Amino acid sequence: MDEEILSLLANFWESLQALTLEFQRLKDTTYQLYKKNEELKRENENLKKLLFAKGEAKGKEAQPQVGAGYANLARLYDEGFHICHLNFAEKRHGDCLFCQKLLEGPENEE
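As numbered in the working numbering, residues 78 to 187 make up the sequence shown, in order.
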């Protein structure tokens with residue numbers, strides 16, 4: 078009976094040590110994953126900032142400044158004159174696709 082109890086205690090002790098070792102490995106793996114996750118979060122934030130900064134800069138470049146020149150061309154077109162390079166300042170009879178394309182501006186060119 079004493080030998081059975083000692084044997085059970087020895088088996089229990091071995092199981093406990095194996096479980097402790099497995100728990101330590103799990104804890105180490107979790108810590109490594111946590112560190113990697115934090116690193117990836119920082120990298121993601123930096124990439125988002127970079128992407129949005131480029132997007133804002135590109136957005137500013139893509140939006141042409143509508144100045145007095147475009148306003149004058151639009152006014153001339155509305156008054157019935159061509160503003161395209163083919164027939165500039167000639168009286169217009171109907172719509173002109175070239176003039177309309179010019180009025181759309183450079184943001185639609187691709």
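Even for Gly, the Cβ is constructed at its ideal location relative to N, Cα and C.
Bear in mind that the values here come from a model prediction, so they are computed numbers and not experimental data.
Quick check on the DSSP output: the alpha helix (DSSP H) that includes residue i runs from which residue to which?
{"i": "Ala166", "result": "Looking at the DSSP string, Ala166 is not in any alpha helix (DSSP H), and its letter there is neither H nor E."}
{"i": "Gly146", "result": "145-155"}
{"i": "Gln176", "result": "Inspection of the sequence shows that residue 176 is occupied by Cys rather than by Gln. From DSSP, the alpha helix (DSSP H) with Cys176 extends over 174-181."}
By how many angstroms is the C-alpha of residue j removed from the C-alpha of residue i?
{"i": "Ala166", "j": "Phe129", "result": "43 Å"}
{"i": "Leu127", "j": "Tyr111", "result": "24 Å"}
{"i": "Trp90", "j": "Glu80", "result": "15 Å"}
{"i": "Leu36", "j": "Lys113", "result": "The requested residue 36 does not occur in the structure, where the chain is confined to residues 78 to 187."}
{"i": "Gly132", "j": "Thr97", "result": "51 Å"}
{"i": "Glu99", "j": "Asn121", "result": "32 Å"}
{"i": "Leu93", "j": "Glu115", "result": "32 Å"}
{"i": "Gln109", "j": "Leu117", "result": "12 Å"}
{"i": "His162", "j": "Asn123", "result": "47 Å"}
Does the Cβ-Cβ distance between residue i and residue j come in under 7 Å?
{"i": "Ile160", "j": "Leu179", "result": "yes"}
{"i": "Arg169", "j": "Gly157", "result": "yes"}
{"i": "Cys176", "j": "Tyr154", "result": "yes"}
From the beta carbon of residue i, is the nearest beta carbon of chain B less than 7 Å away?
{"i": "Gln101", "result": "Structure shown: chain B not included; a single protein chain is present."}
Open item on the list: Suppose only complete runs of 3+ residues qualify. What are the beta strand (DSSP E) ranges in the stretch 81-137, listed by chain order?
Closed with: The DSSP assignment places no complete run of the beta strand (DSSP E) inside the stretch 81-137 (cut-off: 3 residues).
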